[in-house]
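Numbering (mature numbering (1 follows the signal peptide of the UniProt record, and there is no 0)), first residue to last: -20 to -1, 1 to 497.
Cβ atoms here follow ideal geometry from the backbone N, Cα and C, with glycine treated the same way.
Since the structure comes first, as structure tokens, the remarks are kept for the end.
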Amino acid sequence: MRSFGVAMVLAPALATVCLADNLDKYGVFTPKKIALGSAPSMDGQSYSGGFTLNADKPLATLDYDYEVAGLPYFMVSSVANGPVEVEIKYAEQFPALSLNYSDGPSQFTTSIANSRRVETHRFTENEVGATITSMLSQPGERWQTLRLLSGDSVTFEKVGLQASVEVIDDLTTLPGKFSSSNSKYDEIWKLGARAVTAACLDAGSQIPSWRSDAENGTFVPGTRPGISYRTWNLTNYVLNFESQIIRGGAGYTIAYDLTGNRDGVQIHLASEYPSDTTYSNVNTTLFPASTATLAYGYDFANATSMTSYILGQYNVPFSVKEPPGVANSKPEQITGTWTFLFEYQDVNGQLAGFVPISYLSSMPTPEAFLYNVGKPNAYYNFPDYVILGLIGLESYMDYFDGVAFVQAHWEEFTHAMTWLVSCQGSNGLIDLSKYVVVFLGSGAGMAVNAAAVQCLNGMARVARAVGDWESADAWIETATSVKAAINELLWNDTLGNYAVDVKTQEVPGLPRHERYK
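Put into structure tokens, the structure is as follows:
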């Protein structure tokens, strides 16, 4: 397998309040001209600082006069009817400012730079007076537009780029000189000098984008796969990771070309785009809400001759939250719950349902939840919760391969299965009727028995994984007999469906007058 790169794609780019580490080293690029109006314009006036975007003049065109690069920054002094959203475009050539994607996507940028040339920022009263920067730096540009999307107005006090290349406003300060009798040749030389100053990068000059801490993990903003040269010679391996979408979506790539910055299968999971965090100009055509998109090539969008291919786009069977507040599927949470439940296992093998774990105070003893405590027929209500929990154990083994934990508690698990098998009645069906309160409905009904078959077959797989073939064979045999009883006693051939239970042969889902006439 070729190198595997992981990139959390946050679209559109996020803003943060911070200062670049190399601000003191390189300084900033500031615009040289500005034009206010309703469309991009080259007819700019000298830029002297603050300007306002409003309904009359919703767009500002900034001209830096030459090629610049760095981390975009903004400082606002007032916001009217906020939050105010502002769309920013970056371009090397002026005509690109009129295109949806400007002159992007820039397919050869690294993961620390923004391959997208359009981003959006949201400003509120909380941001007034603070320096707001983009999360990712912009590669070379001369032109920039700011367009008001929402709100009444916003006044910018400062706009520019925290430089990631050397700031040289006056080329005459360079040690090299060129002059000739032809002014065009002189301008060509200056153009070359500009190109060199923008293309030659000092070590450590590019602004890092990833942030890590022990509690929250690694925050990975980006629009390109984050590939490391240290992964070029990896062999086949399995990578497990969790990601939390902050805004827009999350993505990663497999078998990405380390040197060519292309190919590989790229995967993007789009969030549900909640209204309170989603910008008004998000492109939901490229990534519809709660979908998974697969692509091959450079990107998900084409750029000139660098073709990308959409392999498929699929709805996911749930709403993709951003960000999820809690995680309840960590292996230690699952094993911790089982360890807790083992303390409430009855002598017959039955485990307690949800009642004990719902207590917030110190836990009472198991006897507090048993009915007919001290008698041979003592029991917990919600016995079908044991069935559902053991079905979940099979999923735990599939996802986390938790053989060590299951082996350590195999006695408790087999004890629970012994209880379940003992509930099989003389007619072959699992019968939980004596437990009074059953979550899935009728104690000897279709739902309970279908779940029991799934549980028995699933636990047989678990038994094989821990080497208990005798139990596996016995549980499969029981599952087969329960399934036979279901088909014999609960199937209604006339109606073509299963009955609720043996005593209730009406089929759920038929019109009421048909069921109860």
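Which residues does DSSP pair with proline 268 in a beta bridge?
Proline 268 pairs with nothing; no bridge assigned.
Whose C-alpha, out of Tyr376, Asp36, Ala332 and Pro63, is nearest the C-alpha of asparagine 361?
For the residues Tyr376, Asp36, Ala332 and Pro63, the minimum Cα distance to asparagine 361 belongs to Ala332.
In this structure, how does DSSP classify lysine 157 when only helix, strand and coil are distinguished?
Three-state DSSP puts lysine 157 in coil, outside helix and strand.
Return the bridge partner residues of tryptophan 123 from the DSSP annotation.
For tryptophan 123, which the question treats as bridged, DSSP gives the partners Asp43 and Ala71.
For serine 189, which of Thr265, Arg204, Leu373 and Glu137 has the nearest alpha-carbon?
Of the listed residues, the one whose Cα sits closest to serine 189 is Arg204.
Excluding the 5 residues preceding and the 5 following alanine 60 in the sequence, name in chain order all residues of the same chain whose CB lies nearer than 6 Å to its CB.
Excluding residues within five positions, the ones whose Cβ falls inside 6 Å are Asp132 and Ser133.
Whole angstroms are fine: how far does the CA of lysine 69 sit from the CA of methionine 22?
Between methionine 22 and lysine 69, the C-alpha separation is close to 15 Å.
What is the DSSP secondary structure of serine 185, reduced to helix, strand or coil?
Coil, per DSSP.
Pull up the CB-CB distance for tyrosine 27 and lysine 12, whole angstroms please, since I reckon it's below 8 Å.
Indeed, because the Cβ distance is near 6 Å, the residues count as touching under 8 Å.
Rounded C-beta distance between leucine 274 and valine 245? I'm assuming under 8 Å.
So it is a contact: roughly 6 Å between Cβ atoms.
Whose C-alpha, out of Gly329, His248 and Tyr379, is nearest the C-alpha of histidine 395?
Comparing Cα-Cα distances from histidine 395 to each of Gly329, His248 and Tyr379, the minimum goes to Gly329.
I need the straight-line Cα distance from threonine 153 to arginine 122, nearest angstrom please.
Near 21 Å, if we compare the C-alpha coordinates of arginine 122 and threonine 153.
May I ask you to list the residues that DSSP assigns as paired with methionine 22?
In DSSP, methionine 22 forms no bridge with anything.
Roughly how many angstroms lie between the CA atoms of leucine 469 and valine 482, to the nearest whole one?
Distance between the alpha carbons of leucine 469 and valine 482 is about 6 Å.
When you compare only the Cα positions, how much space is there between alanine 110 and methionine 55?
Spanning the two alpha carbons is a distance of roughly 6 Å.
Count the other CB atoms within 10 Å of the CB of lysine 310; is the residue buried (16 or more) or exposed (fewer)?
Classification of lysine 310: exposed, given that the 10 Å Cβ count is below 16.
Pairs of beta-carbons, one from the stretch 404 to 421 and one from the stretch 377 to 386, closer than 8 Å: are there three or more?
Verdict: no, contact absent.
What do you get for cysteine 435, buried or exposed, if any count of 16 or more other CB atoms within 10 angstroms of its CB means buried?
Buried, by the Cβ-count rule.
In its own chain, which residues sit with a C-beta less than 6 Å from the C-beta of threonine 315, not counting the 5 before and 5 after it?
Here the set comprises Phe385.
Are the Cβ atoms of tyrosine 259 and isoleucine 247 separated by less than 8 Å?
No. Outside cutoff.
What is the DSSP secondary structure of threonine 273, counted as helix, strand or coil?
Of the three classes helix, strand and coil, the one that applies to threonine 273 here is strand, per DSSP.
Exposed or buried, glutamate 450, counting other C-beta atoms within 10 Å across all chains shown (16 or more means buried)?
Looking at its Cβ environment, which holds fewer than 16 other Cβ atoms inside 10 Å, glutamate 450 is exposed.
Determine the extent of the beta strand (DSSP E) in which residue 541 is found, giving its start and end residues.
The first residue shown for the chain is -20 and the last is 497, placing residue 541 beyond what the model contains.
With DSSP collapsed to three states, give me the class of asparagine 472.
In this structure, asparagine 472 counts as strand in the three-state DSSP scheme.
Between which two residues does the beta strand (DSSP E) containing asparagine 295 stretch?
288 to 295 is the span of the beta strand (DSSP E), which, as asked, contains asparagine 295.
In terms of alpha-carbon separation, which member of Ser185, Leu291, Ala15 and Ser270 lies closest to proline 297?
With distances taken between Cα atoms, proline 297 lies closest to Ser270.
How about leucine 151 and lysine 170: do their beta carbons lie closer than 8 Å?
Yes, the Cβ-Cβ distance between leucine 151 and lysine 170 is below 8 Å.
Is leucine 141 near glycine 50, with beta carbons less than 8 Å apart?
For leucine 141 and glycine 50, yes; Cβs fall inside 8 Å.
Can you say whether phenylalanine 320 is buried or exposed, counting buried as having 16 or more other CB atoms within 10 angstroms of its CB?
With fewer than 16 other Cβ atoms within 10 Å, it is exposed.
Since leucine 409 contacts alanine 465 with CB under 8 Å, what's their CB separation in whole angstroms?
Confirmed, about 5 Å.
Here's a check: name, in chain order, each residue in its chain whose Cβ is nearer than 8 Å to the Cβ of asparagine 429, leaving out the five neighbours to either side.
The residues are Leu409, Ile410, Val462, Ala465, Ile466 and Leu470.
What does tyrosine 478 pair with, by DSSP beta-bridge criteria?
Tyrosine 478 is bridged to Trp471.
By a C-beta neighbour count over all protein chains shown, 10 Å radius and 16 as the cutoff for buried, is phenylalanine 221 buried or exposed?
Per the 10 Å Cβ criterion, exposed.
DSSP state of phenylalanine 298, grouped into three classes?
Coil at phenylalanine 298, not helix or strand.
Leucine 33 lies in the beta strand (DSSP E); which residues open and close that run?
Where leucine 33 is concerned, the enclosing beta strand (DSSP E) stretches over 31 to 33.
Expressed to the nearest angstrom, what Euclidean distance is found between the alpha-carbon atoms of lysine 356 and phenylalanine 349?
Correcting the residue type first, residue 356 is proline in the shown sequence and not lysine. Roughly 15 Å separates the two Cα atoms.
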